[in-house]
Amino acid sequence: MIPTSYILLGYSIFLLMILVINLLYFFQVFKYRLPGDASLVVTAIHLALIIVILLSSSLFLNA
Amino acid sequence: MPDTSVLAPASLDAGDPAFLYLNLHPHEEIKYVIRHHWAGFLGTIGIVLALAIFPLLLIFAARLALGDQIASYSMLLVVLVASFYIFLLTFLFGSWINYYYDIIFITSERIINIAQEGLLARKSSELTLDEVQNVTADVSGFLQSFFNYGILVIETAGAGTGDNPHTPGLQGYFTVHDTPNPNLVARVIMDLHHKNEIHARL
């Protein structure tokens, strides 16, 4: 059985990596998007889905 | 002239800062902005949907294998499943950026092909309309015929390029995959080419 602290440490490191990658993607979107294109809508949907997963996982972890 | 309304946004201001990186010439106008056809992204969506089922199978298998003991592994399962879906969403977003930010700009003077090649990698290649020698539209297969998209090959007098780094295109050919309505795009390019030729003669 893996200790809880190790599981949470691994999850935190993973989330940090994903955060950096997503920030780089957001940078690209804001630099290269064209006026009136779908970039902002898709980025907002992506962010919303990520937040839903993060919130639901933290709810499960706290339960 | 063919109906080209499907190729360009209704209002396009070439003076917008978003177009600065194209380094447009003083009197150069952006005529058309062409992105890949959405059907070209269906394969990625299919892969992501297939992978999205995987954690559900994992939970089902764990329930069968562990029975009542699954409660002691719940934290690990939650972290694994959440990490998997976050990774999948990030992969999908990155793939979408690769697909959506491959853009062809047809201006009054040039064809500029912007190829997004992963995180922070962008390749821009261009050819003047004068260099265009022949344009070929290749629509093959059920999906391409049904949704009317395909490969556009522009034969040039200069060096060629492709939008796939693994198959960079033949020398002297400018290859763009998943072009929507490639026959119309080919016609538009040839029309602009002839217009430029006539303008140069006058």
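First to last, the sequence lines map onto chains A and B.
Just so we're aligned, residue 5 is where the first sequence starts under our numbering, counting upward by one.
Just so we're aligned, residue -13 is where the second sequence starts under our numbering, counting upward by one.
From the three backbone atoms N, C-alpha and C, an ideal C-beta is built for every residue, glycine too.
Mind pulling the chain A residues with CB within less than 9 Å of B:PHE160? Within the second sequence, the letter at position 174 stands for residue 160 of chain B. Ordered by position in chain A, no residue passes the 9 Å Cβ test against B:PHE160, which lies about 21 Å from the chain.
May I ask which residues mark the beginning and end of the alpha helix (DSSP H) holding A:SER16? Mapped onto the first sequence, residue 16 of chain A falls at position 12. 8 to 36 is the span of the alpha helix (DSSP H), which, as asked, contains A:SER16.
List the residues of chain B that A:VAL33 touches, going by C-beta distances under 8 Å, in chain order. As a working mapping, residue 33 of chain A is identified with position 29 in the first sequence. Within chain B, the residues near A:VAL33 are ILE83.
What's the gap between the Cα of B:VAL19 and the Cα of A:VAL56? In the second sequence, counting from the first residue as 1, residue 19 of chain B sits at position 33. In the first sequence, counting from the first residue as 1, residue 56 of chain A sits at position 52. Cα to Cα, B:VAL19 sits roughly 34 Å from A:VAL56.
Scan the segment 45 to 128 of chain B and note each continuous beta strand (DSSP E) run of 3 residues or more that stays entirely inside, going in chain order. 89 to 93, 96 to 102, 108 to 114 and 118 to 124
Considering only residues of the same chain and omitting the five flanking positions on each side of B:SER69, which have a CB-CB separation below 7 Å? Along the second sequence, read from residue 1 onward, the residue named residue 69 of chain B stands at position 83. Excluding positions up to five away in sequence, the list is empty.
Just how far apart, CA to CA, sit A:PHE31 and B:VAL139? Residue numbering aside, residue 31 of chain A sits at position 27 when the first sequence is read from its first letter. Residue numbering aside, residue 139 of chain B sits at position 153 when the second sequence is read from its first letter. Answer to the nearest angstrom: the Cα atoms are 32 Å apart.
Pairing CB atoms from the segment 103 to 117 of chain B with CB atoms from the segment 127 to 137 of chain B, are three or more of them under 8 Å? no
Of all the options B:VAL125, B:ILE16 and B:GLY80, which has the alpha carbon lying nearest to the alpha carbon of B:ALA25? For this step, residue 25 of chain B is matched to residue 39 along the second sequence. Checking every option, the nearest Cα to that of B:ALA25 belongs to B:VAL125.
List, in order along the chain, the chain A residues whose C-beta lies closer than 7 Å to that of B:SER69? Looking up residue 69 of chain B in the second sequence gives position 83. Going along chain A in sequence order, the residues near B:SER69 (Cβ under 7 Å) are TYR15 and PHE18.
Beta-carbon neighbours of A:LEU44, restricted to chain B and to distances below 8 Å: Indexing the first sequence from 1 puts residue 44 of chain A at position 40. Within 8 Å Cβ-Cβ: nothing; A:LEU44 doesn't reach chain B, min ~12 Å.
Using a Cβ-Cβ cutoff of less than 8 Å, which residues in the same chain neighbour B:GLY80 once the five nearest sequence positions on both sides are dropped? On the second sequence, residue 80 of chain B is found 94 positions in, with the first residue counted as 1. Excluding sequence neighbours, B:GLY80 sits near GLY104 and LEU105.
According to DSSP, simplified to helix, strand and coil, what is B:GLY136? Here the question's residue 136 of chain B lines up with position 150 in the second sequence. Strand.
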